[in-house]
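A.B. asks: The structure that follows is given in the form of structure tokens.
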């Protein structure tokens, strides 16, 4: 089991949340103070460096036009960490390749970071969550196609070493593609994919040996997705060898009371508000889902989680919090409930959880929890005979 | 809800199109709005007493297929010109509403050999002013209540009871929403080329605009009219983006002298 530190680099210094209609897309940036932002960026980067010292791996992502995430360019964060840390694996989860629209530029950036870090980079690709559509102005009905075309082009560019090639796809046209640099890792860094419902995508990731990651879902749904992944997995020896990753919110403390207090602060992330038009852009989910939405029976993950109690979220494995032994027990329980997994992605900082308490929780985890779970067996393919392709 | 009972399927190239034909008389091609609210509307019954009204669902709307290659109103206009050929219609009055008006304009700049006259009702399709100017309200970043208020003079009229619809009907609603976004997301609700092609329209054209349209206002409609050689611009009081639905009597009173 690999453990990863993660923060979305939130900007919590906002007016009372009740007074805002949205924290995403259209919250006026007059509410962003660059002086506070400067402190926050440096603080969050410091925490990644502490995580590295503690033996944790480092996970970063990006979002746009939102107070929930100041990291608007994960490759910049990863590049800083590539230079300023020395041990931990660095994963971008992920590059919003459907929204960025320039797969070759992404392939170049990843190759450069991989070289600077001397091969410590894992490269995630994401379709992008619904509200990202607006900042990127990507056609919401085509993001899945854009995602896979972009990945195919990136992977080809990383692996193509003999001569330049041309690409004339549906969304991207490039000529004489010839990466300088190519990645440090040969043929390329491990690839990660995220998902939350589309089983076809999950199986496609598995068949290619990509790591599949999912976030903040009830454990029964995580098991459903991981089972889909495992049923399609082929142990092809591809880079990274595939695997599964799950992200809960995690807070570790000396006492249960302190842990609950910290966990409550982390729920800031789940409470992030947005206006209805940003939650389900037209065509982002298939027609069948939108039929359910018109009936009022499909509301999306965040809405479903928002109103739940801390205890409920703990039971579902969406939140893991407590003393070190309790946290270790909860992770082992989750591991058993979902059929095992390889990467524990921990959102250990969210909202206004301050530096001292974030570091305290990270340190307790690294020193007292990680040793108890590190040796949990990696996911193995369940039914090789049923593998895709 | 639209009934598909008197619809048939016409295959154009690789697209199976749903086409409804109603009434008898000279042909009138009705290109419905993106919400396809027209089929049950009173103005249509009035038209069907005088015309054979032909109502195709464009690719991706209603139950018409949507091949991946169809990306915008320009692509759709070729399919619908092909439909006029396939049905061998001549002397056609084309009435297009909202998105359907945009498609009608795209058809008319290409080939009017089967088209006698053109009516555009609160149509999208062109960019009038500069890059920082909002010619067309951004319905996808606006709160649904604001969109409704901009669409209807009386927002109550825009309310739809989805709970009374079955899954087939809801599937059509969801497909229409999705296809509209697919074709109109970027460039937003316009074809940058269309403005420079409107001079080619060589049939009499009437533009009818709801005075209270908050999606594309009357200044937009007037600018649209100014780009078409033989065009008349008329407004309908007490109506928003769908004057044919919201003020059918005034709408028909404006339309009749032009189409007769």
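Chains as they are written, first to last, in our numbering: chain A, 935 to 1323; chain B, 645 to 904. Don't be surprised by glycine CBs; every beta carbon is placed ideally from N, CA and C.
Of all the alpha helix (DSSP H) runs that stay within the bounds of the segment 690-764 of chain B, which reach a length of 4 or more residues?
C.D. replies: Entirely contained in the segment 690-764 of chain B, the alpha helix (DSSP H) runs reaching 4 residues are, in chain order, 717-730 and 743-752.
A.B. asks: Cβ of residue 1075 of chain A less than 8 Å from any chain B Cβ?
C.D. replies: Position 141 of the first chain, counting from 1, holds the residue named residue 1075 of chain A. For residue 1075 of chain A, the answer is yes, since a Cβ of chain B falls inside 8 Å of its Cβ.
A.B. asks: Going by C-alpha distance, which of A:1269, A:1051, A:1058 and A:1006 is nearest residue 1066 of chain A?
C.D. replies: As a position in the first chain, residue 1066 of chain A is number 132, starting the count at 1. Of the candidates A:1269, A:1051, A:1058 and A:1006, the one whose C-alpha sits nearest the C-alpha of residue 1066 of chain A is A:1006.
A.B. asks: Identify each residue in the segment 788-818 of chain B for which the Cβ-Cβ distance to at least one residue of chain A is less than 7 Å, and report them in chain order.
C.D. replies: 788, 806, 811, 814, 815, 817 and 818
A.B. asks: Kindly indicate the opening and closing residues of the alpha helix (DSSP H) around residue 1279 of chain A.
C.D. replies: Sequence index remark: in the first chain, residue 1279 of chain A carries index 345 (1-based). Here residue 1279 of chain A belongs to no alpha helix (DSSP H); instead the beta strand (DSSP E) covers 1277-1283.
A.B. asks: Just to confirm, are residue 708 of chain B and residue 661 of chain B a CB contact at a threshold of 8 Å?
C.D. replies: Taking the second chain and counting its residues from 1, the one referred to as residue 708 of chain B is at position 64. Taking the second chain and counting its residues from 1, the one referred to as residue 661 of chain B is at position 17. With respect to the 8 Å criterion, residue 708 of chain B and residue 661 of chain B are classified as neighbours on the basis of their beta carbons.
A.B. asks: So which residues of chain B does residue 1209 of chain A contact, with C-beta pairs closer than 8 Å?
C.D. replies: Counted from its first residue, the first chain places residue 1209 of chain A at position 275. Within 8 Å Cβ-Cβ: 787.
A.B. asks: Give the straight-line distance between the Cα atoms of residue 703 of chain B and residue 1293 of chain A, rounded to the nearest whole angstrom.
C.D. replies: Looking up residue 703 of chain B in the second chain gives position 59. Looking up residue 1293 of chain A in the first chain gives position 359. Rounded to the nearest angstrom, the two C-alpha atoms are 56 Å apart.
A.B. asks: Taking the alpha-carbon of residue 718 of chain B as reference, which of B:841, B:896, B:891 and B:859 has the nearest alpha-carbon?
C.D. replies: Position 74 of the second chain, counted from the start, is the residue given in the question as residue 718 of chain B. Per the Cα distances, B:841.
A.B. asks: Label residue 870 of chain B either buried or exposed according to how many other C-beta atoms from any shown protein chain fall within 10 Å of its C-beta, with 16 as the threshold for buried.
C.D. replies: What you label residue 870 of chain B is simply residue 226 of the second chain in a count that begins at 1. Label assigned to residue 870 of chain B: exposed.
A.B. asks: Between the C-alpha atoms of residue 784 of chain B and residue 801 of chain B, what's the straight-line distance to the nearest angstrom?
C.D. replies: Along the second chain, one-based indexing puts residue 784 of chain B at 140. Along the second chain, one-based indexing puts residue 801 of chain B at 157. Those two C-alpha atoms are separated by around 20 Å.
A.B. asks: Helix, strand or coil for residue 654 of chain B per DSSP?
C.D. replies: Numbered from 1 along the second chain, position 10 holds the residue referred to as residue 654 of chain B. Looking at residue 654 of chain B - three-state DSSP - the assignment turns out to be strand.
A.B. asks: So which residues of chain A does residue 821 of chain B contact, with C-beta pairs closer than 8 Å?
C.D. replies: Translated into positions along the second chain, residue 821 of chain B becomes position 177. By Cβ distance, chain A contributes 1216, 1217 and 1224.
A.B. asks: Need the endpoints of the beta strand (DSSP E) that residue 1254 of chain A sits in, please.
C.D. replies: Position 320 of the first chain, counted from the first residue, corresponds to residue 1254 of chain A. From DSSP, the beta strand (DSSP E) with residue 1254 of chain A extends over 1253-1256.
A.B. asks: Quick one: residues in its chain with C-beta nearer than 8 Å to the C-beta of residue 1014 of chain A, no 5 flanking neighbours on either side, listed in chain order?
C.D. replies: Indexing the first chain from 1 puts residue 1014 of chain A at position 80. Here the set comprises 979.
A.B. asks: In chain order, what are the residue ranges of uninterrupted alpha helix (DSSP H) at least 4 long that sit wholly in the segment 1084-1171 of chain A?
C.D. replies: 1133-1141 and 1153-1166
A.B. asks: Using a Cβ-Cβ cut-off of 8 Å (strictly less than) and excluding sequence neighbours within five positions of residue 1289 of chain A, which residues of its own chain qualify?
C.D. replies: Taking the first chain and counting its residues from 1, the one referred to as residue 1289 of chain A is at position 355. Result list for residue 1289 of chain A: 977, 980 and 981, in chain order.
A.B. asks: Can you tell me whether DSSP reads residue 834 of chain B as helix, strand or coil?
C.D. replies: Walking along the second chain from the start, residue 834 of chain B turns up at place 190. Assignment of residue 834 of chain B by DSSP, reduced to helix, strand and coil, places it in the strand class.
A.B. asks: Do residue 764 of chain B and residue 688 of chain B come within 8 Å of each other at the CB atom, strictly closer than that value?
C.D. replies: Walking along the second chain from the start, residue 688 of chain B turns up at place 44. Walking along the second chain from the start, residue 764 of chain B turns up at place 120. With contacts defined by Cβ atoms closer than 8 Å, residue 688 of chain B and residue 764 of chain B do not form a contacting pair.
A.B. asks: For residue 677 of chain B, is the classification buried or exposed, using 16 other Cβ atoms within 10 angstroms of its Cβ as the cut-off for buried?
C.D. replies: Taking the second chain and counting its residues from 1, one reaches residue 677 of chain B at position 33. That one is buried.
A.B. asks: According to DSSP, simplified to helix, strand and coil, what is residue 679 of chain B?
C.D. replies: For this step, residue 679 of chain B is matched to residue 35 along the second chain. Coil.
A.B. asks: Over what stretch of residues does the beta strand (DSSP E) that includes residue 799 of chain B continue unbroken?
C.D. replies: Along the second chain, one-based indexing puts residue 799 of chain B at 155. No beta strand (DSSP E) contains residue 799 of chain B, which DSSP labels as neither H nor E.
A.B. asks: Mind checking residue 590 of chain B: buried by the 16 CB within 10 Å criterion, or exposed?
C.D. replies: This structure cannot speak to residue 590 of chain B, because chain B is shown only from 645 to 904.
A.B. asks: Under three-state DSSP, which class holds residue 1320 of chain A?
C.D. replies: Locating residue 1320 of chain A in the first chain gives position 386, where the first residue counts as 1. Unreliable positioning characterises residue 1320 of chain A in this predicted model, as indicated by a pLDDT of 41, which lies under 50. A coordinate reading is not provided.
A.B. asks: List the residues of chain B whose Cβ lies closer than 9 Å to the Cβ of residue 1071 of chain A, in chain order.
C.D. replies: By 1-based counting over the first chain, the position of residue 1071 of chain A is 137. Chain B residues near residue 1071 of chain A: 829, 830 and 832.
A.B. asks: DSSP three-state label for residue 1056 of chain A, please.
C.D. replies: Position 122 of the first chain holds residue 1056 of chain A. Correct three-state label for residue 1056 of chain A: strand.
A.B. asks: Using CA coordinates, which residue listed in A:1248, A:1126 and A:1258 is at the minimum distance from residue 1089 of chain A?
C.D. replies: The residue you call residue 1089 of chain A lines up with position 155 of the first chain. The option with the nearest alpha carbon to residue 1089 of chain A is A:1126.
A.B. asks: Measure from the C-beta of residue 604 of chain B to each C-beta in chain A and report whether the shortest distance is under 8 Å.
C.D. replies: Here chain B comprises residues numbered 645 to 904, so residue 604 of chain B is not present and cannot be evaluated.
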